[in-house]
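Student: I'd like to ask you about the structure that follows.
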């Protein structure tokens, strides 16, 4: 009851989520015969087969993206986590492999083979190849430059500090650009950066990368800037 979303396994079968009856229904393309069904917990919306809406699906698993999880996980307040269920579809009968919580109501997920990503993924950005005009390659190159009410700070991040780490002379009304270079050259050593009260987000800078964020000084005061991700070891 309540068919919602259909994906395909590349083997002649389709899988349809049923919101009202909380299940996945497997049926054969051409004869339209229902060959299997498996319950989901609860109120499944979308589902996902890796590549299931492409010409060549990886038809080994389907993931149920469920909306309701009452009695499934520890209660965390007025709103509960949502749920995903990993189901093996390689045999005649579907088999639940894993039941795990997710954040946010799931809508139309996609997945592809990890092999397509791993061979092209970077571990670091080589610092000597950083062509960003605002990059600094060592702490000795850090500096603060003022041009009228525009201030540019050429900063480095490394375990466990920023350089410069104390900036004075900023005036109310200044536009301050932080150009932050992560000096790390080790895998999985990012550094985050933000300023207290900043309304336009934060930076997440991978090893060897340079990123820029703008902070507008509204009034005189002390404004700490700090690392938001990893930061030390």
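Numbering (this note's numbering), first residue to last: 3 to 235.
Where is the CB? At the ideal position from N, CA and C, for every residue including glycine.
1. My output table needs one value for residue 186: the three-state DSSP class, helix, strand or coil.
2. Give, in chain order, every unbroken run of the beta strand (DSSP E) that is at least 3 residues long and sits entirely within the region 26 to 55.
3. Who are residue 68's beta bridge partners in DSSP?
4. If you drop the 5 nearest sequence neighbours on each side, which residues of the same chain put their C-beta closer than 8 Å to that of residue 48?
5. Is residue 178 near residue 145, with beta carbons less than 9 Å apart?
6. I need the boundaries of the alpha helix (DSSP H) containing residue 117, first residue and last residue.
7. Leaving out the 5 sequence neighbours to the left and right, which residues in its chain are closer than 7 Å to residue 113 when beta-carbon positions are compared?
8. Quick one: residues in its chain with C-beta nearer than 6 Å to the C-beta of residue 104, no 5 flanking neighbours on either side, listed in chain order?
9. Kindly indicate the opening and closing residues of the beta strand (DSSP E) around residue 157.
10. Quick one: residues in its chain with C-beta nearer than 7 Å to the C-beta of residue 136, no 5 flanking neighbours on either side, listed in chain order?
11. So, is residue 209 buried or exposed, given that buried needs 16 or more other C-beta atoms within 10 angstroms?
12. Please return the same chain residues whose Cβ sits closer than 6 Å to the Cβ of residue 222, not counting the five positions on each side in sequence.
13. Measuring straight from C-alpha to C-alpha, what distance separates residue 77 and residue 219?
Tutor: Once the coordinates are examined:
1. Position 184 of the chain shown holds residue 186. Residue 186: coil per DSSP, three-state reduction.
2. 36 to 41, 46 to 50
3. As a first step, residue 68 must be located in the chain shown, where it is residue number 66. Beta-bridge pairing links residue 68 to 46, 85.
4. Position 46 of the chain shown holds residue 48. Contacts found: 6, 7, 19, 67, 108, 109, 110, 111.
5. One-based indexing of the chain shown puts residue 178 at position 176. One-based indexing of the chain shown puts residue 145 at position 143. It is not a contact, given that the beta carbons lie outside the stated cut-off.
6. The residue you call residue 117 lines up with position 115 of the chain shown. Start and end: 117 to 120.
7. Sequence index remark: in the chain shown, residue 113 carries index 111 (1-based). Result list for residue 113: 50, 52, in chain order.
8. The residue you call residue 104 lines up with position 102 of the chain shown. These residues qualify, in order along the chain: 84, 86.
9. Your numbering for residue 157 matches position 155 in the chain shown. Element bounds for residue 157: 152 to 160.
10. By one-based count along the chain shown, residue 136 stands at place 134. Around residue 136: 156, 181, 212, 214.
11. Along the chain shown, one-based indexing puts residue 209 at 207. By the 10 Å Cβ count, residue 209 comes out buried.
12. Position 220 of the chain shown, counted from the start, is the residue given in the question as residue 222. Taken in chain order, the residues that qualify are 174.
13. Counting from 1 along the chain shown, the entry for residue 77 is found at position 75. Counting from 1 along the chain shown, the entry for residue 219 is found at position 217. Cα to Cα, the separation comes out at about 42 Å.
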